[in-house]
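Enquirer: Quick one: this structure, given as structure tokens, is what I'll be asking you about.
Numbering (this note's numbering), first residue to last: 74 to 257.
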């Protein structure tokens, strides 16, 4: 049964990817289309991640996706907000300050924060947060997951060492779809 759910989730990822890639008439602005795809990926990353449970009494019913910096998503995140994944509701939080991201399970670090990237990653280094960006060498700098464009399509790379250090467990199914980055 669990294997069927994983396969179904993978199919959903590819269907979402295909829908967003092929729906160019719906999303005339290429940036708009790109961020709708990235929003769909963020939703599906939740399905293939396990966060450590440090506190058995934690009964939070939310998964917080935080956007740090100048938000490039516009309305694209509206498509995933309030969705239920793993029996928890997705909540989108936007902030311009690193101090506001304490309760985040996923932190999307916008390119506007590129100059502060080292400081941000140092502050949250060992916290159970899936850090995501679209910045060159993000994974090599200690980030967990980075969106990259290969031959005009959105792909992603994963720093497995940073994920492990943060206590995150990433499904092998997701790892197979990514470019693996290891720290030296």
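No residue lacks a Cβ here, since even glycine has one placed at the ideal position from N, Cα and C.
Using 8 Å as the cut-off, can you tell me whether the region 221 to 238 makes contact with the region 107 to 123, which would need three or more C-beta pairs spanning the two stretches below that distance?
Expert: The region 221 to 238 is in contact with the region 107 to 123.
Enquirer: For residue 187, which residues in the same chain have their Cβ closer than 7 Å to its Cβ, ignoring the five residues on either side in sequence?
Expert: Within the same chain, residue 187 has close Cβ partners 208.
Enquirer: As an exercise, report each continuous beta strand (DSSP E) stretch of at least 3 residues that is fully enclosed by the region 144 to 208, in chain order.
Expert: The qualifying runs are 161 to 168, 179 to 182 and 203 to 206.
Enquirer: Would the region 196 to 204 and the region 145 to 156 be scored as touching if the rule is three or more Cβ pairs under 8 Å?
Expert: Result no; under three Cβ-Cβ pairs closer than 8 Å.
Enquirer: For the candidate residues 178, 119, 111 and 116, whose alpha-carbon lies nearest to that of residue 137?
Expert: If we check each option's Cα against that of residue 137, 178 comes out closest.
Enquirer: Quick check on DSSP: helix, strand or coil for residue 117?
Expert: Three-state result, residue 117: helix.
Enquirer: Please list, in chain order, all residues of the same chain as residue 161 whose beta carbon is under 8 Å from its beta carbon, the five residues on each side excluded.
Expert: Around residue 161: 133, 134, 135 and 136.
Enquirer: Would DSSP call residue 256 helix, strand or coil?
Expert: Residue 256: coil per DSSP, three-state reduction.
Enquirer: Just to confirm my understanding: we take residue 125, look at its own chain, exclude 5 residues before and 5 after, and list those with CB closer than 6 Å. What are they?
Expert: The residues are 201 and 240.
Enquirer: Considering just the uninterrupted stretch of the alpha helix (DSSP H) at residue 233, what are its terminal residues?
Expert: 233 to 238 is the extent of the alpha helix (DSSP H) around residue 233.
Enquirer: Taking C-alpha atoms, which residue in 143, 189 and 147 lies nearest to residue 168?
Expert: Closest option to residue 168, Cα to Cα, is 143.
Enquirer: Please state the DSSP three-state secondary structure of residue 210.
Expert: Residue state, collapsed to three classes: coil.
Enquirer: Please report how far the alpha carbon of residue 119 lies from the alpha carbon of residue 158, in whole angstroms.
Expert: Cα to Cα, the separation comes out at about 7 Å.
Enquirer: Going by CA-CA distance only, name the one from 121, 117 and 203 that's closest to residue 141.
Expert: When only C-alpha atoms are compared, the closest one is 203.
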